[in-house]
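Numbering (my numbering), first residue to last: 1 to 335. For reference, the structure discussed in these notes is given below.
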């Protein structure tokens, strides 16, 4: 009897701990729900970071930012470069920031200790424009999918061993653990997949979206620029990310793969075969029903210039022009 009582007490205590963790705000959520653009200071050996970015080795850093009470949180942490193509084409690579769990917990945050960043390739105007348009792609996808990955605009103050070097625009994107915790899904990390195993209607919406923004840079089989998730009901879905090779963003380094029959990423190409007329028509009707919401997101994107809003709207116009004709729908999507 005594052992049973002790076991019950332990289970209650462990359950309370789990509930406390679930109710504790993650660091990503802290930044995401701020009304203004957060500022994160990163102090590290920037020359070493850039020189050795291809190795993706962690190096010491000090990261600081303001808390809600006005005090500054200073964290001895580590960081490394991440990503594939951007390490090659960008002076400033995307980063993975790794905090100490005890520092997070001491300041009332959840112990999830990774933040993923994307920042300006170079300190110039065009790369800041690219960031805004890529952030827009995340916001547009969120219209059609509650499982969309979240992104948050952030300003980075970059310091080299205590000396201020430059200020860079950028954004945070949810890490796999943050994302899995929020959505209650399991991220499928291993193995190869065929698109036929994915929840069909969800898959078609995702691929129509990729066509809408002119993004040919994704693949299901090797999980290139998509996360494969298992939902609580065991269905599998693909969630897109990394849109810098899309026609919507139109970076100066985005060139279609030589195997594709397009010359520019601004040229749309639907990447899926074996779509029926009924499937294409139903998915097109769905996007047409959401048309006003897409344009509203562009119009209300306070992180974009008026010129970039106009350019983005004009590019999306081309997508809806295709959807206005049953013949064009069949020609573009039914293969």
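C-beta: ideal position from N, C-alpha, C; glycine also.
Contact defined as beta carbons within less than 8 Å: I believe residue i pairs with residue j. What is the distance between those atoms, to the nearest angstrom?
i	j	result
residue 317	residue 129	Not a contact, Cβ separation roughly 19 Å.
residue 97	residue 118	With 8 Å as the limit, residue 97 and residue 118 do not qualify as a contact, their Cβ atoms being about 12 Å apart.
residue 206	residue 240	6 Å
residue 151	residue 173	5 Å
residue 153	residue 135	6 Å
residue 193	residue 228	6 Å
residue 25	residue 110	6 Å
residue 320	residue 291	6 Å
residue 137	residue 264	Not really, about 17 Å apart at Cβ, beyond 8 Å.
residue 179	residue 149	6 Å
residue 170	residue 120	6 Å
In terms of alpha-carbon separation, which member of the options lies closest to residue i?
i	options	result
residue 234	141, 188, 134 and 89	188
residue 143	173, 293, 174 and 319	293
residue 38	28, 296 and 46	28
residue 266	80, 116, 311 and 115	311
residue 271	92, 35 and 195	195
residue 57	163, 80 and 112	80
residue 114	259, 216 and 175	175
residue 157	303, 305, 64 and 88	64
residue 274	163, 162 and 331	331
residue 222	116, 238, 122 and 165	238
residue 335	87, 276, 68 and 306	276
residue 31	87, 116, 48 and 165	116
residue 133	254, 258 and 244	244
residue 165	123, 306 and 282	123
residue 198	220, 281 and 184	220
residue 209	171, 286, 184 and 169	286
residue 107	300, 313, 67 and 326	67
residue 86	36, 226, 254 and 163	254
residue 145	162, 99, 202 and 163	202
residue 296	305, 313 and 259	313
Considering only the beta carbon of each residue, do residue i and residue j sit closer than 9 Å?
i	j	result
residue 248	residue 256	no
residue 284	residue 323	yes
residue 62	residue 40	no
residue 44	residue 224	no
residue 298	residue 140	yes
residue 191	residue 315	no
residue 112	residue 177	yes
residue 126	residue 217	no
residue 279	residue 200	yes
residue 250	residue 83	no
residue 72	residue 59	no
residue 168	residue 155	yes
residue 325	residue 281	no
From the beta carbon of residue i, is the nearest beta carbon of chain D less than 9 Å away?
i	result
residue 266	No chain D appears in the structure shown, which is made up of a single protein chain.
**Item:** Ranges of the beta strand (DSSP E) found wholly within the segment 83–116, counting only runs of at least 3
**Value:** 95–98
**Item:** contact_flag[the segment 98–111, the segment 71–82] where n(CB pairs < 8 Å) is 3 or more
**Value:** yes
**Item:** Touching by the beta-carbon criterion (3+ pairs, under 8 Å), the segment 53–60 and the segment 80–99
**Value:** yes
**Request:** Would you list, in sequence order, the uninterrupted alpha helix (DSSP H) runs of no fewer than 4 residues that lie entirely inside the segment 267–323?
**Result:** 277–289, 291–299 and 306–323
**Request:** Please go through the segment 114–190 and give each complete alpha helix (DSSP H) segment of 4 or more residues, from N-terminal end onward.
**Result:** 125–144 and 176–183
**Request:** List in chain order: all unbroken beta strand (DSSP E) runs of 3+ residues lying wholly within the segment 28–58.
**Result:** 39–44
**Message:** Which complete beta strand (DSSP E) runs does the segment 218–260 hold, if anything under 3 residues is left out?
**Reply:** 226–230 and 236–240
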